[in-house]
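Here is the structure we will look at.
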Amino acid sequence: MANLILILGDQLSPNLSALDGADRHEDLIVMAEVHDEASYTNHHKKKLVLLFSAMRHFADHLREDGWQVHYQHYHPGNPYQNLEAVVADQVQQLNATQVITTECGEWRLHEQISQWHERLGVPVEIRADTRFIASKQEFADWAKDRKQLRMEFFYREMRKKTGLLMTPEGEPEGGQWNFDADNRKKWTGNPPVPAPFRIEPDGVTRHVIALVEEHFADHFGTTDDFHFAVTSTDAQAALEHFIDFALPCFGDFQDAISDTEDWLFHSILSPYINCGLLDPLAVCEAAVQAWYSGRAPINAVEGFVRQILGWREFVRGIYWLNMPAYAQENRLGNTRALPWFYWTGDTKMRCMHKAIDATRRNAYAHHIQRLMVTGNFALLAGIRPEEICDWYLAVYADAYDWVELPNVLGMVMHADGGYLGSKPYAASGKYIQRMSDHCANCHYQVNKATEDDACPFNALYWHFLDRHRDSFASNPRMGMMYRNWDKQKPERREALIRRAGHLLANLEQL
Ligand SMILES: Cc1cc2nc3c(=O)[nH]c(=O)nc-3n(C[C@H](O)[C@H](O)[C@H](O)COP(=O)(O)OP(=O)(O)OC[C@H]3O[C@@H](n4cnc5c(N)ncnc54)[C@H](O)[C@@H]3O)c2cc1C
Ligand code: SF4
Numbered sequence: 205m206a207n208l209i210l211i212l213g214d215q216l217s218p219n220l221s222a223l224d225g226a227d228r229h230e231d232l233i234v235m236a237e238v239h240d241e242a243s244y245t246n247h248h249k250k251k252l253v254l255l256f257s258a259m260r261h262f263a264d265h266l267r268e269d270g271w272q273v274h275y276q277h278y279h280p281g282n283p284y285q286n287l288e289a290v291v292a293d294q295v296q297q298l299n300a301t302q303v304i305t306t307e308c309g310e311w312r313l314h315e316q317i318s319q320w321h322e323r324l325g326v327p328v329e330i331r332a333d334t335r336f337i338a339s340k341q342e343f344a345d346w347a348k349d350r351k352q353l354r355m356e357f358f359y360r361e362m363r364k365k366t367g368l369l370m371t372p373e374g375e376p377e378g379g380q381w382n383f384d385a386d387n388r389k390k391w392t393g394n395p396p397v398p399a400p401f402r403i404e405p406d407g408v409t410r411h412v413i414a415l416v417e418e419h420f421a422d423h424f425g426t427t428d429d430f431h432f433a434v435t436s437t438d439a440q441a442a443l444e445h446f447i448d449f450a451l452p453c454f455g456d457f458q459d460a461i462s463d464t465e466d467w468l469f470h471s472i473l474s475p476y477i478n479c480g481l482l483d484p485l486a487v488c489e490a491a492v493q494a495w496y497s498g499r500a501p502i503n504a505v506e507g508f509v510r511q512i513l514g515w516r517e518f519v520r521g522i523y524w525l526n527m528p529a530y531a532q533e534n535r536l537g538n539t540r541a542l543p544w545f546y547w548t549g550d551t552k553m554r555c556m557h558k559a560i561d562a563t564r565r566n567a568y569a570h571h572i573q574r575l576m577v578t579g580n581f582a583l584l585a586g587i588r589p590e591e592i593c594d595w596y597l598a599v600y601a602d603a604y605d606w607v608e609l610p611n612v613l614g615m616v617m618h619a620d621g622g623y624l625g626s627k628p629y630a631a632s633g634k635y636i637q638r639m640s641d642h643c644a645n646c647h648y649q650v651n652k653a654t655e656d657d658a659c660p661f662n663a664l665y666w667h668f669l670d671r672h673r674d675s676f677a678s679n680p681r682m683g684m685m686y687r688n689w690d691k692q693k694p695e696r697r698e699a700l701i702r703r704a705g706h707l708l709a710n711l712e713q714l
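Dropping the structure here:
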């Protein structure tokens, strides 16, 4: 009466629900590196290395723990190139009575696995992913009957549910729910940023690097200087490194961007949380503990906890509540193709070049680079949501459909008509100048808007507002922007629209 337990590449957690009640001697765990999952998008080479190596280490760990594991290593000549084929073969070999798995993180695969019971001829039990703090049903119940879904209110529910940063009387620690207003400092070199956590590749990882170089040579990015953790022990060390060295300043400089520093005070934990090497609740608890013991201030700890307990859970809820229709949304009617420089970094716009180049080297860019640089540009330029979503899904080590799609389509592109965010994060070059030191080193002049050497973000910003007036003019949070636009002389407005028209017609040359 053996069960076949399928563990996916982002389910590398010993407490995975699929393992609940399983029998180490009878049941068989199946893990597989398959072509279809590795190639459905142009995954960054470092993301492939991270996942294949972490999967191999996890399988070894399970075996050491007494489990029987069938593990398929990637090879282009493998007879089974997708998960269904691997599972079908193992069901037959094992004469399995049923397949057990934990719900996956992508609609695409979820659709496939939901059909397996018919195609494999055995029952397929899909269990809830208990690593999330809110279940899909809990989010749906919260969202029901609400006209607008706002992260802040959901986040408060999650604070109450977990008790994180709550007083015994049920009040938020520090007297307020949200310390975001304290978290907007520019970083000018002080305090110095800590070195990022690094693990040198072991034999398994080196082998995987060679494999990725051989079989995925045309994928985006580089494997050079791979230093991610690939085991839960090392990911835990990365968490401790963050808490000791970066968390104290995480809040102050959360929105900062630097011309010289890739990582600033960010945690660089999303690749580990999203593939299961770290538990999100335990990560939040560790940060909260740092505040109780006086090692980090409240604005840093609350800001950090809000990202995980609030945003991460919120976007997941939005995704499952609205898929598959959500992926097709394009409420601003964008039609432009993604400029090629998103793949090369070959642009004179310093901020874009730096964000894309870091992405290519590291499979990482921090939140403000994703939101206010590469995202903001795509929003202002009217890039087709599908294309920019595909780019974000490919290029980051932490990218999975459930988290990438709402962030890009909803938060950045406002393509869902304001379902996820109350206003678009559109900004001119002035914002980037305020939060970074890029502009001083740029080919373009941030203080100019209509001249040939003017910062492209400036005219594109006004063009965006002007062309979407019908959608946004009545939004109370955008009234000031429209008043500023309307205040300008007609000749100035015409010159801005002309300059933006020229930029939009020549995006590839920027
Ligand atoms: C356009 C765009 C695309 C994004 N795509 C992804 C993605 O594919 N995968 C992903 O995990 N995050 C994504 N994010 C959210 C966020 O940018 C990353 O989680 C963060 O940059 C990861 O780096 P970090 O671990 O150093 O984060 P930190 O800045 O240290 O934040 C701490 C943690 O909070 C969580 N978090 C923060 N913001 C968000 C958010 N908006 N949504 C979900 N979780 C959040 C992450 O788990 C992160 O590790 C995206 C954001 C934007 C604007
Ligand atoms: S001037 Fe404009 S394009 Fe150049 S770095 Fe500043 S914001 Fe970016």
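Once you know that position 49 of the sequence shown is 253 in my numbering, the rest is easy, because the numbers rise by one and skip nothing. Backbone N, C-alpha and C fix where the C-beta goes; we use that ideal spot for every residue, glycine too. Owing to the predicted nature of the structure, the values given are computational and were not obtained by experimental measurement.
In the DSSP assignment, the beta strand (DSSP E) including M235 goes from what residue to what residue? L232 to A236
Leaving out the 5 sequence neighbours to the left and right, which residues in its chain are closer than 6 Å to F508 when beta-carbon positions are compared? F454 and A491
In this structure, how does DSSP classify N207 when only helix, strand and coil are distinguished? strand
Taking one C-beta from the region 553 to 560 and one from the region 568 to 578 each time, how about it: are there three or more such pairs within less than 8 Å? yes
Evaluate R673 with the Cβ neighbour count: other Cβ atoms within 10 Å of its Cβ, from every protein chain shown; 16 or more gives buried, anything less gives exposed. exposed
Would the C-beta of Q637 count as close to ligand 2, meaning under 7 Å from any of its heavy atoms? yes
For E230, count neighbouring C-beta atoms within 10 Å of its own C-beta (all shown protein chains included) and say buried if the count is 16 or more, exposed if not. exposed
Under the criterion of a Cβ to heavy atom distance below 7 Å, does E268 qualify as lining ligand 1? no
Where the beta strand (DSSP E) containing R331 begins and where it ends: V328 to R331
Quick check: the Cα distance between A631 and N387, rounded to an integer number of angstroms? 18 Å
I'd like to check one pair, C646 with R554: are the Cβ atoms closer than 8 Å? yes
Go ahead and pull the three-state DSSP assignment for P376. strand
Which whole-angstrom value describes the C-beta separation of E288 and W311, a residue pair presumed to lie in contact below a C-beta threshold of 8 Å? Contact flag wrong, Cβ pair sits at about 16 Å.
Taking 7 Å as the line, does the beta carbon of D240 fall inside it for any heavy atom of ligand 1? no
Which term fits R335, buried or exposed, when burial requires 16 or more other beta carbons within 10 angstroms of its beta carbon? buried
For a test of your reading of the model: does the CB of G579 fall under 7 Å from any non-hydrogen atom of ligand 2? Yes or no. no
Taking three-plus beta-carbon pairs below 8 Å as touching, is the region 405 to 420 in contact with the region 442 to 462? no
Assign Q493 to one of two classes, buried (16 or more other C-beta atoms within 10 Å of its C-beta) or exposed (fewer than that). exposed
Contained alpha helix (DSSP H) runs [length at least 4] in the region 454 to 498, N- to C-terminal order: 474 to 479 and 484 to 496
Within the present structure, is the beta-carbon of M576 separated from the nearest heavy atom of ligand 3 by less than 7 Å? No copy of ligand 3 occurs in the structure displayed; its ligands are ligand 1 and ligand 2 alone.
Which residue wins for smallest C-alpha separation from E361, given the options W381, A658, D349 and A242? W381
Can you tell me where the beta strand (DSSP E) holding T305 begins and where it ends? Q302 to T306
Starting from Y635, follow the alpha helix (DSSP H) in both directions and report where the run begins and ends. G633 to M639
Could you name the residues of the same chain whose beta carbon sits closer than 7 Å to that of S474, not counting the 5 residues immediately before and after it, in chain order? D602
Alpha carbon to alpha carbon, what distance is there between S497 and P395? 22 Å
Residues bridged to M370 (per DSSP): P376
Quick one: complete alpha helix (DSSP H) runs, 4+ long, within the region 497 to 532? 502 to 509 and 517 to 526
Roughly how many whole angstroms lie between the Cα atoms of W544 and D293? 41 Å
Bridge partners of A658, per DSSP? Q649
Is G633 close to ligand 2? I mean its beta-carbon at under 7 Å from any heavy atom of the ligand. yes
Which of helix, strand or coil does DSSP assign to Y686? helix
If you follow the alpha helix (DSSP H) that Q296 is in, where does it begin and where does it stop? L287 to L298
Counting beta carbon pairs with one atom in the region 346 to 356 and one in the region 225 to 239, are three or more of them shorter than 8 Å? no
Residue range of the beta strand (DSSP E) that Y275 falls in? Q272 to Q276
Is the beta carbon of V607 sitting closer than 8 Å to the one on V519? yes
How is R681 classed by DSSP in three states: helix, strand or coil? helix
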